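Residue numbers (the numbering used here): 614 to 735.
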């Protein structure tokens, strides 16, 4: 299962070895300064949009990149489980990072704390 990791002012969405194969990518990395918002969504399928590049079976799995006008999303979504959505500022390499993770509320809280600490530095 994909994980979010914070290190050296960067947020990485890291794919597992099987996700790398199915998603045709290893994940994505962005600067904390590129993050606009972090939230949990109960059904990520409601917000997925665009042309999928990677693996997808509706309401079961989607891995890879969702190509959309205005910005692409990097996704690792399973079933209809809650997911963490990281929305990025305009001009960032992606528009959103979306991943089903264990304990999404805890992940959101950790990311929001890291963002607050990063913004205090500047």
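Beta carbons are placed, not taken as given, at the ideal position from N, Cα and C, and that holds for glycine.
Just so we're clear, the structure is a prediction, and the values are computed from it rather than from any experiment.
Here the region 703-720 makes contact with the region 676-693; the two share three or more CB pairs at distances below 8 Å. The alpha-carbon of residue 727 is positioned some 27 Å away from that of residue 658. A residue is called buried when at least 16 other Cβ atoms come within 10 angstroms of its Cβ; residue 686 meets this threshold and is buried.
Residue state for residue 659 is assigned as helix, using DSSP reduced to three classes.
Under the three-pair Cβ rule at 8 Å, the region 617-630 does not count as touching the region 662-672.
Residue 700 and residue 630 have their C-alpha atoms some 25 Å from each other. Secondary structure at residue 708: coil, using DSSP grouped into helix, strand and coil.
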